[in-house]
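Novice:
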Amino acid sequence: MADIAETAGTAHTAVDALVTVAPRPPRRRGIECALIVLAVLLSVYGYCAVGLAHDGTVPPGTVRYGAGLGLLALLAHGAVRLRAPYADPLLLPIAVLLNGMGLVLIYRLDLDTPGNRAAPAQLYWSTVGVALFIAVVVLLRHHRVLQRYTYLCVAAALLLLTLPIFFPAVNGARIWLRLSGFSIQPGEFAKVLLAVFFAGYLAANRHALALTGGRAGRLRLPAGRVLGPVVAVWLLSVGVLVLERDLGTSLLFFGLFVVLLYVATGRTGWIAVGLVLAVAGALAVGWLEPHVHGRVTDWLHPFASIEAGRGAGQLAQSLFAFAAGGALGTGLGLGHSVLIGFAVKSDFILATAGEELGLAGLSALFLMYALLVERGYRAGLALRDPFGRLLAIGLASIVALQVFVIAGGVTGLIPLTGMAMPFLAQGGSSVVTNWIIVALLIRISDSARQCHGTAVP
Amino acid sequence: MNLPDDLDFARREGTRTIRRAAALCAVLLVALLANATRVQIFESGRYGGNPANHREAIDRYARPRGDIVVDGRPVTGSRYTGGMFRYERTYTDGPLYAAVTGFSSQRYGTTLLENAQDPLLAGTDPMLSLFPLWNDFVRRHPPGGQVVTTLNGAAQRAAYRYLAGRTGAVAALEPSTGRILALVSAPSYDPGELSGASASVAEAWTRMNGDAAQPMLNRAIRQTYPPGSTFKVVTAAAALDAGVVWDPDERTMSPNPYLLPGTTTWLRNETYGCANASLRYAFEWSCNTVFAKLGVDVGPRTMAATAEGFGFNDPGLRIPFAVAPSTFDRKLDQAQLALSSIGQFDTRATPLQMAMIAAAVADGGAVQAPYLVEKTTTSAGETVSSAAPHTRYRAMSPATAAVLREMMTDVVRQGTGRTAQIPGAVVGGKTGTAQHGVGNSGRPYAWFISWAQAHDAAEPAVAVAVVVEDAAGERGEISGGGNAAPIARGVMEAVLDSQPGYGPNSHGSASRPRSGTSGRLWPSPK
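Going line by line, the protein sequences match chains A and B. For the first sequence, our numbering assigns the number 58 to the initial residue and increments by one for each residue that follows. For the second sequence, our numbering assigns the number 11 to the initial residue and increments by one for each residue that follows.
#1: Please confirm whether A:A110 has its beta-carbon closer than 8 Å to some beta-carbon of chain B.
#2: Using the DSSP secondary-structure output, state which residues sit across from B:Y268 in a beta bridge.
#3: If I follow the unbroken alpha helix (DSSP H) through B:F241, where does it start and stop?
#4: Is it buried or exposed for A:V333, if we count other Cβ within 10 angstroms and need 16 for buried?
#5: Relative to the C-alpha of B:A72, which candidate in B:R83, B:R89 and B:V85 has its C-alpha closest?
#6: Would a check of beta-carbon distances place B:G486 closer than 8 Å to chain A?
#7: I'd like the ranges of any alpha helix (DSSP H) spanning at least 4 consecutive residues and lying wholly in the region 393-465 of chain B.
#8: Find the residues of chain B that neighbour A:V320, judging by a C-beta separation of less than 8 Å, and give them in chain order.
#9: Going by beta-carbon coordinates alone, are A:A178 and A:D167 separated by less than 8 Å?
#10: Three-state secondary structure (DSSP) at B:K1?
#11: Specify the secondary structure class of B:A72 as computed by DSSP and reduced to three states.
#12: Identify whether B:L250 lies in helix, strand or coil by the three-state DSSP scheme.
#13: Decide if the region 62-71 of chain B is in contact with the region 84-103 of chain B; the criterion is three or more beta carbon pairs, one per stretch, under 8 Å apart.
#14: What's the call for A:F461, buried or exposed, on a 16-neighbour Cβ count within 10 Å?
#15: What does B:V49 reach in chain A if we use C-beta pairs closer than 7 Å?
#16: Between the Cα of B:V478 and those of B:T360, B:T25 and B:T419, spot the shortest distance and give me the residue it belongs to.
#17: Roughly how far, in whole angstroms, is the beta-carbon of A:S394 from the beta-carbon of A:A408, given that I think they are within contact range, below 8 Å?
#18: Check distances from the C-beta atoms of the region 403-422 of chain A to those of chain B and list, in chain order, the residues that come in under 8 Å.
#19: Where do the N-terminal and C-terminal ends of the beta strand (DSSP E) with B:A498 fall, by residue?
#20: Closest Cβ-Cβ distance between A:A261 and chain D: below 8 Å?
#21: Between the region 421-439 of chain A and the region 451-466 of chain A, do three or more beta carbon pairs fall short of 8 Å?
#22: From B:F293 to B:S186, what does the alpha carbon distance come to, in whole angstroms?
#23: In its own chain, which residues sit with a C-beta less than 6 Å from the C-beta of A:V78, not counting the 5 before and 5 after it?
#24: Are the region 118-129 of chain A and the region 95-107 of chain A in contact at 8 Å, needing three or more beta carbon pairs?
#25: Which partner residues does B:S115 have in the DSSP bridge list?
#26: Among A:L389, A:G388, A:G382 and A:V353, which has the Cα closest to the Cα of A:L372?
#27: Starting from A:V115, trace the beta strand (DSSP E) both ways and give me its first and last residue.
#28: Shortest alpha-carbon distance to A:I93 belongs to which of A:A152, A:V489 and A:S240?
#29: Whose CA, out of A:A256, A:E346, A:K248 and A:A213, lies closest to the CA of A:V488?
#30: State buried or exposed for A:L313, treating a residue as buried only when at least 16 other CB atoms are found within 10 Å of its CB.
#31: B:N162 touches chain A at which residues, Cβ-Cβ below 7 Å?
#32: For a cutoff of 8 Å on Cβ pairs, would you count B:G58 as touching chain A?
#33: Here's the rule I'm using: 16 or more other beta-carbon atoms within 10 Å means buried, otherwise exposed. How should B:M137 be labelled?
#34: Output needed in chain order: residues of the region 56-89 of chain B with a Cβ under 9 Å from some Cβ in chain A.
#35: Taking only beta-carbon positions, decide if B:A46 is within less than 8 Å of chain A.
#36: Might you give, ordered along the chain, the residues of its own chain that have their beta carbon closer than 6 Å to the beta carbon of A:I501, omitting 5 neighbours on each side?
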């Protein structure tokens, strides 16, 4: 990604150099529109490929699916064109493509689990997500408005995080709110709220955090006075972990806070403190909490259940699926990732991509995420106001950490923690949240590029 | 830019930290890509081969399996299961062909032809596709091919019918080519019961394996028995080829009873007139004493060499599945050699081996490599491979073979094998009754090996070996002639009846006089 950033940076500088002549930067909405059409066509192609592989015919809903996705994408594009004309032209096409591919993969898995169809609900939630995207882009005139609600956000986030404790645990994790038929994961929305809070808090207190405290050798240690909030967030993460048994979310919150702390203060000491706390917390919880302990054991010995004669466990099945894909994959609709069983459409959705699209398709997906993150960081780099840049970095880091935690988990790189692959995985709360994240990034990048019409970074 | 110094510093500082955070994300991306490469490329084969990974099996059973063909008709099929393993094997006449087809089970793998021809039947054989590399690349398999067997359905059915309710085996060959015409083991089992992956399959498996009658044991090729007197064909061939006996009608210097050399054990006969009997008489009436002494006179090395010339001690025989090697010990003292020469001690043979002995006599001394697969084809019927008949062993000289043909014909015409006579054909045979068990306490095995040639044919059409483990009758009376010879006759008749110009309607007609009247009139050697 560093390479991409460098290359894109050079191009950007060259373009900006030209732009200094003109009073306003190019809007590039035409490029965005063309990329969106490409993204929709790719998704429709995938949808057809699934049907052809499975039944030998183009699935009956192709036109409806293509028209639906295309309409959503064009509505979103229209909103951007009207209200955020200088926004980064890559963000929306990437979101459309990832969401479209997610729908294709879920539809593909539905064919193998006829009693449990998830694609219609996912399409419904995608519609809600795009509606919220449009709402954010239209109604939020400037990202700095959010800074006013810093502490309201943290209160809301804490409320959302504590709510599921009063609801029954599902599959070992207390992260769902069940309301008359459908369930919501409030932790997903809490991510955005916490990112806003972190950005607001750190933007206001970054000098105090950066310039106080003693030294230990070459490291400048933070002062005890400002250590309080850090410990509070750490306790929050551990609390989430222990009370809700949600290792992934806790890891995400803590990672997000450490990254933003570092970006805001430039103090390596914070990273050191963060790492020490993270390792201590992880060790303690890994030792005490059987649910987490089991995940670590699975990660170290994914085939232990086979050797014990109990057949392949979920992680082993996931690894088998990736391995079956090889370099080029089996082709859409031709794999057997459904053998993973439970959570194949949510946490393990990437295994289907790995098996049917191969290392080539998987790498392409990773690069799409990397590009999304990179555009977020780029918007942050270009902004002047500390809140905006921290918010952009925070939102992009949420995506980056989330992809790493779940993709690393299902491929056996790190212990598996339940988490949704952004846009790809089945899960309404997740899709909606990701569309809000992209909407905020659009809004921020619009400010970033607009105010740089005459200023070259 | 006129930013305040503080803000400017913070901005530059911020830019540096953002770039570092971005670099961290890049490290995470590289870690993900490297790990994905590890799993998908380097560990791919190992994970794919893990027994808990069902993908290989799913792929394998995703298509109907190719068929095994007897007499132009498939004796196998495939059934859509609707489960994860989509197709399972069916058999039109499972127990009848079980000793040839074996089973193809989703739970227990494959055996016999299903095993030996598995790549072709499953459609993974690269020979099946025009562009194998392209098919590998796009991961497409051609449909499974067909295996056309050499079996003669009528002979197979006859053997199966005659063995019904008994324990034993039949192997029948075409002497001039080595084509296997019948291969039956009784009691048999239905391989279709093992096809699927369900609990009933496991139940059937447990039941069949626990059955004391051992229905899944392929007695025709995987079980060796003491051949008893049928082995005297080999001893006679050795004696004639080695020059120990010049004239089969000359009296041999053999005492009755015969004292096994170096021991105090006397070997006796169950028939009369064996003292100093000629080779012909001794063969016809199965004199143990004469053949025991002949074996000793020939010597252990020549006896072993002759036995190996018939196919003994050959662990490499495949038809195309492996055949248990028949054994003749190379290191024997004289008493052991004497007993081995009459098919006792540790001489052991499969029924297929004994059919090869009869075929060697019928074919002028050469043993053609036995084979079961005439050809393999694609599902569309294009030939993939064809059998190449060839001589595998040289058992004896043609002159010796001619003498043995006469002597075997005598056995059927007027000796112990009269129950094998077939109107209109020359039949040669040899009976055997093999002792076994500790102190020979087991019920003896009844043997009969024979060949048959229609009067109007240029060469013998069939050689057959029959063994019956649970022969009827009292111990002393059990003989190959009584129990096994009628089965051999039935199989030989079935083969002769299916020859062109030798229909079932011509039985007993004037054009084909009884064999007894023309037993010594040989067609010229081919």
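The beta-carbon is built from N, C-alpha and C at its ideal position, and this holds for glycine as well.
Specialist: Quick answer:
#1: Here residue 110 of chain A corresponds to residue number 53 of the first sequence, with the count starting at 1. Not closer than 8 Å to any Cβ of chain B, the Cβ of A:A110 fails to qualify, so no.
#2: The count along the second sequence starts at 1 and reaches residue 268 of chain B at position 258. DSSP output for B:Y268 lists B:L277 as bridge partner(s).
#3: Within the second sequence, the letter at position 231 stands for residue 241 of chain B. Looking at the DSSP string, B:F241 is not in any alpha helix (DSSP H), and its letter there is neither H nor E.
#4: The sequence position of residue 333 of chain A within the first sequence is 276, counting from 1. A:V333 should be labelled exposed.
#5: Within the second sequence, the letter at position 62 stands for residue 72 of chain B. For the residues B:R83, B:R89 and B:V85, the minimum Cα distance to B:A72 belongs to B:R89.
#6: Working through the second sequence from its first residue, we reach residue 486 of chain B at position 476. The predicted position of B:G486 is uncertain, since its pLDDT is 45 and thus under 50; a value taken from the coordinates is nonetheless stated next. It does not; no Cβ of chain A falls within 8 Å.
#7: 408-424
#8: Locating residue 320 of chain A in the first sequence gives position 263, where the first residue counts as 1. Simply G24, T27, I28 and A31.
#9: Within the first sequence, numbered from 1, the residue matching residue 178 of chain A stands at position 121. Within the first sequence, numbered from 1, the residue matching residue 167 of chain A stands at position 110. Result no, Cβ atoms of A:A178 and A:D167 do not sit closer than 8 Å.
#10: This structure leaves residue 1 of chain B out entirely; chain B is present only between 11 and 536.
#11: Counted from its first residue, the second sequence places residue 72 of chain B at position 62. Note: B:A72 maps to coil in three-state DSSP.
#12: Here residue 250 of chain B corresponds to residue number 240 of the second sequence, with the count starting at 1. Under the three-state reduction of DSSP, B:L250 is assigned to helix.
#13: yes
#14: By 1-based counting over the first sequence, the position of residue 461 of chain A is 404. By the neighbour-count rule (16 or more Cβ atoms within 10 Å), A:F461 is buried.
#15: Position 39 of the second sequence, counted from the start, is the residue given in the question as residue 49 of chain B. Under the 7 Å cutoff, chain A gives L376, F379, A380, T468 and G469.
#16: Stepping through the second sequence from its first residue, residue 478 of chain B is reached at position 468. Taking only the C-alpha atoms, the option nearest B:V478 is B:T360.
#17: As a position in the first sequence, residue 394 of chain A is number 337, starting the count at 1. As a position in the first sequence, residue 408 of chain A is number 351, starting the count at 1. Right, the Cβ-Cβ distance comes to about 5 Å (below 8 Å), so this counts as a contact.
#18: Residues G411, G415, L416, L419 and S420.
#19: Working through the second sequence from its first residue, we reach residue 498 of chain B at position 488. Careful: B:A498 lies outside any beta strand (DSSP E), inside the alpha helix (DSSP H) at A495 to D507.
#20: Protein chains in the displayed structure are A and B, and chain D is not among them.
#21: Yes, the region 421-439 of chain A touches the region 451-466 of chain A.
#22: For the purposes of this step, residue 293 of chain B is identified with residue 283 of the second sequence, where counting begins at 1. For the purposes of this step, residue 186 of chain B is identified with residue 176 of the second sequence, where counting begins at 1. Computed Cα separation, rounded: 24 Å.
#23: As a working note, residue 78 of chain A is residue 21 in the first sequence. Note that A:V78 scores 49 on pLDDT, short of 50, meaning its location in the model is unreliable and no value can be drawn from it.
#24: yes
#25: Walking along the second sequence from the start, residue 115 of chain B turns up at place 105. Answer is B:G119, bridged to B:S115.
#26: One-based indexing of the first sequence puts residue 372 of chain A at position 315. Per the Cα distances, A:V353.
#27: For the purposes of this step, residue 115 of chain A is identified with residue 58 of the first sequence, where counting begins at 1. Here A:V115 belongs to no beta strand (DSSP E), and DSSP marks it neither H nor E.
#28: Residue mapping note: residue 93 of chain A aligns to position 36 of the first sequence, counting from 1. Checked all of A:A152, A:V489 and A:S240; the closest Cα to A:I93 is A:A152.
#29: Position 431 of the first sequence, counted from the first residue, corresponds to residue 488 of chain A. Cα-wise, what sits closest to A:V488 is A:K248.
#30: Position 256 of the first sequence, counting from 1, holds the residue named residue 313 of chain A. Classification for A:L313: buried.
#31: In the second sequence, the residue the question calls residue 162 of chain B occupies position 152. One finds nothing in chain A with a Cβ atom closer than 7 Å to the Cβ of B:N162; even the nearest lies about 42 Å away.
#32: The residue labelled residue 58 of chain B in the question sits at position 48 within the second sequence. Judged by the 8 Å Cβ criterion, B:G58 is in contact with chain A.
#33: Taking the first residue of the second sequence as position 1, residue 137 of chain B is located at position 127. Exposed, because fewer than 16 other Cβ atoms sit within 10 Å of the Cβ of B:M137.
#34: R56, Y57, G58, N60, P61, A62, N63, H64, R65, I68 and D69
#35: Translated into positions along the second sequence, residue 46 of chain B becomes position 36. Taking Cβ atoms only, chain A reaches closer than 8 Å to B:A46, which makes this a yes.
#36: Reading the first sequence from its first residue, position 444 is the one you call residue 501 of chain A. Excluding residues within five positions, the ones whose Cβ falls inside 6 Å are H200, A436, G445 and A449.
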